[in-house]
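K.L.:
In UniProt numbering, the protein residues as written are 1 to 408.
1) Quick test of the definition: if touching needs 3 or more C-beta pairs under 8 Å, does the region 162-179 touch the region 126-135?
2) Given a cut-off of 9 Å, decide if residue 326 and residue 399 are closer than it, judged by their beta-carbon atoms.
3) Of the residues 260, 258, 241, 259, which one's Cα is nearest the Cα of residue 251?
4) Out of 72, 121, 221, which one is the CA nearest neighbour of residue 159?
5) Using DSSP bridges, identify the partner residues of residue 25.
6) For residue 77, count the other beta carbons within 10 Å of its own beta carbon; 16 or more makes it buried, fewer makes it exposed. Which is it?
7) Can you give me the start and stop residues for the alpha helix (DSSP H) that residue 112 sits inside?
8) If we count the other Cβ atoms within 10 Å of its Cβ and call it buried at 16 or more, is residue 50 buried or exposed?
9) Tell me whether residue 413 is buried or exposed, calling it buried when 16 or more other Cβ atoms sit within 10 Å of its Cβ.
10) For the region 9-16 against the region 191-201, do three or more pairs of beta-carbon atoms, one drawn from each stretch, fall closer than 8 Å, so that the two count as touching?
11) Just to confirm my understanding: we take residue 406, look at its own chain, exclude 5 residues before and 5 after, and list those with CB closer than 7 Å. What are they?
12) Once the 5 residues before and after residue 408 are set aside, which same chain residues still bring their CB inside 6 Å of it?
13) Flag this pair as touching only if the region 70-86 and the region 42-62 have three or more C-beta atom pairs under 8 Å; answer yes or no.
14) May I ask which residues mark the beginning and end of the alpha helix (DSSP H) holding residue 49?
15) Grab me the residues of residue 5's own chain with a C-beta within less than 6 Å of its C-beta, minus the 5 sequence neighbours each way, in chain order.
16) Just grab the DSSP bridge partners of residue 73 for me.
17) Note down the Cα distance separating residue 209 from residue 172, rounded to an integer number of angstroms.
18) Assign residue 414 to one of two classes, buried (16 or more other C-beta atoms within 10 Å of its C-beta) or exposed (fewer than that).
19) Taking Cβ to Cβ, would you say residue 139 is nearer than 9 Å to residue 63?
20) Would you kindly work out how many angstroms separate the C-alpha atoms of residue 30 and residue 17, rounded to a whole number?
21) Report buried or exposed for residue 274, applying the criterion of at least 16 other Cβ atoms within 10 angstroms of its Cβ.
22) If we ignore side chains and look at the alpha-carbon of each, how far apart do residue 278 and residue 143 end up?
23) Straight-line CA distance for residue 362 to residue 304?
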């Protein structure tokens, strides 16, 4: 999916632009449009017919978020759930110049569910999709930066984007733009790095920290923002430190009478503990790094989602497991461990154990094999049918007919 968002190859993008510089890619160097991802008709359908609720929708005008009661209302008998859209209120606010923000579309809208899953595969980092629908000659937000990278995909209309260099590079989620209002105000008075009108099919990549604002021109503008939350060295360091919790010496209490307000004393303690951590890393490096890796894998699984399963169709496929061609559920995080008498499949929320004879089949499925019971490695047809049925019911495998590609 990355190739739809940038006008260069993946290797060049990674080396020159990823996390470093913006990249404006024009429609003539990309697939021609993005209205297969979100169109005006799709926006109307989401608002009028899909039962979208807050916080999957926000509205903003002239840099400020609107109060929810400006666009939400009761849903009537049989749908007594709060925070549902009142489409008439949305119409009134939009006609008055407010921007519609549709959030979390990777959970709501099928084209973006698949697109975002592909972006996770390509980038290796958690990814989401929001959409911004801005009426003519209006803007949604003041100049600001995001704490995640974004790919702006213009689906309809035109917007003028103004981009300035960062005042705080590579901000973390705990370092929002509001901490740097004065510096941003000074920066936007300078010449921009990018001042361009973006039309249908154009795309703009902005690393986190780059200051930007956008204004719709003579027609309604729709753009999809693909947001990426990069894993950072700080995240890895946190995982390493968290892994030390399994060692008693790092769980021990500090001495009685310690004065946490005494910066000099605490600096001395921090220096001592850092030396102890370094010593632990020298003597227990494999243990500590394995623990950190396991924590990072769990975090990734919590922040991304594998492709959805279709419960009814999957149960039908499981009943016909002998004749069903299957593949690994794309995006499912798992590890396979081998023992003398068994093979263990560890998933984010559970562990499944199989006889050792299943090891070649489990390994093959994990690494992308698409097959049926007649050609499952290491098992005869009857045993392969049992394994496939179990893995379908556990939502580890999916019928190949459901589409998508395997994700080794």
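Note that beta-carbon positions come from the ideal geometry of N, C-alpha and C, so glycine has one too.
Only a predicted model underlies this, so the values are computations on that prediction, with no experimental measurement involved.
P.N.:
So, from the data block:
1) no
2) yes
3) 241
4) 221
5) 203
6) Classification for residue 77: exposed.
7) 110-123
8) Looking at its Cβ environment, which holds fewer than 16 other Cβ atoms inside 10 Å, residue 50 is exposed.
9) Summary: the structure shown does not reach residue 413, with the chain confined to residues 1 through 408, and so no result is reported for it.
10) no
11) Here residue 406 scores only 39 on pLDDT, less than 50, and its place in the model should not be relied on; the value that follows carries that caveat. These residues qualify, in order along the chain: 327, 328, 330, 368, 370.
12) Confidence in residue 408 is poor, its pLDDT being 35 and thus under 50, which makes the residue's placement unreliable; the coordinate value appears in the next sentence. Cβ within range, chain order: 367, 368.
13) yes
14) According to the DSSP assignment, residue 49 belongs to the alpha helix (DSSP H) that extends over 40-49.
15) 151, 203
16) Residue pairing by DSSP places residue 73 opposite 84 in a beta bridge.
17) 9 Å
18) A query on residue 414 cannot be resolved here, the shown segment of the chain reaching from 1 to 408 and no further.
19) yes
20) Rounded to whole angstroms, residue 30 to residue 17 spans 17 Å at the Cα level.
21) exposed
22) 43 Å
23) In this structure, the straight-line span from the alpha carbon of residue 362 to that of residue 304 is close to 23 Å.
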